[in-house]
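Some notes on the structure that comes next.
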Amino acid sequence: MTIVVAAGIIERDHRILATRRKKGSHLELHWEFPGGKLEAHESPEECLARELREELGVTVAPGRILDVVFHRYPESSVLLLFYECTLTDGEPRALDCDAFRWVPRAELPSLEWAPADLEFVAKLAADTPIVPGERPLSQR
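Under the working numbering, the first residue of the sequence shown carries the number 29, and numbering increases by one thereafter.
Encoded structure:
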């Protein structure tokens with residue numbers, strides 16, 4: 029079975045917002061980008077709005093998809109949709125996560141990330157264009 033997950037990439041002052049999974053959860057205390065599993069009735073954008081409101085108490089405006097990653101865990105597979113997001117209301121609070129942190133791009137690899145996020149973390153840290161021929165995210 030493949031789980032579809034929408035993840036929000038929010039950048040402020042050249043730092044990316046990362047959240048840490050709660051103790052006792054799958055991949056406990058691993059870092060990830062905020063977001064979550066799509067429910068049957070919602071679009072990825074609706075999922076992001078709901079998940080970031082529940083997880084961090086913020087409102088976001090999802091933009092375009094930056095990357096799509098398929099990762100196979102022993103127990104299931106995940107299809108991750110990474111969306112560029114704009115924070116439109118509120119300041120993040122750790123409501124349904126263990127912690128959150130604004131991380132400079134170069135420091136992203138120093139965190140213990142969920143395995144499915146590692147490929148995208150490397151792209152962000154290297155500040156390489158997500159789409160060939162485009163400017164890096166930090167230059168937009």
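Each residue gets a CB set at the ideal place from its N, CA and C atoms; glycine is no exception.
beta-carbon residue i near the ligand MG non-hydrogen atom, thresh 7 Å
i   : result
H69 : You won't find the ligand MG in this model; it holds no ligand whatsoever.
Helix, strand or coil at residue i according to DSSP, with G and I counted as helix
i    : result
R121 : coil
L109 : strand
E56  : coil
P132 : strand
Beta-carbon proximity list for residue i, same chain, < 7 Å, skipping 5 on both sides
i    : result
R121 : L84 and G85
Assigned exposure category for residue i - 16 Cβ within 10 Å defines buried
i    : result
V96  : exposed
F148 : buried
G64  : buried
D41  : exposed
L66  : buried
L45  : buried
Among the options, the one whose alpha carbon lies nearest that of residue i
i    : options                  : result
A123 : A134, V131, S138 and L80 : Reading off the sequence, residue 123 comes out as Leu, not Ala. Minimum Cα distance to L123 is reached at L80.
M29  : I44, E135, E103 and R43  : E103
H99  : A144, R43, L66 and V131  : A144
D117 : P132, T87, W141 and L108 : T87
Assumed close pair residue i, residue j - CB separation to whole angstroms, cut-off 8 Å
i   : j   : result
F61 : I31 : Contact flag wrong, Cβ pair sits at about 15 Å.
Contact set for residue i: own chain, Cβ-Cβ below 6 Å, skip 5 residues either direction
i   : result
P90 : E73, L76, Y111 and C113
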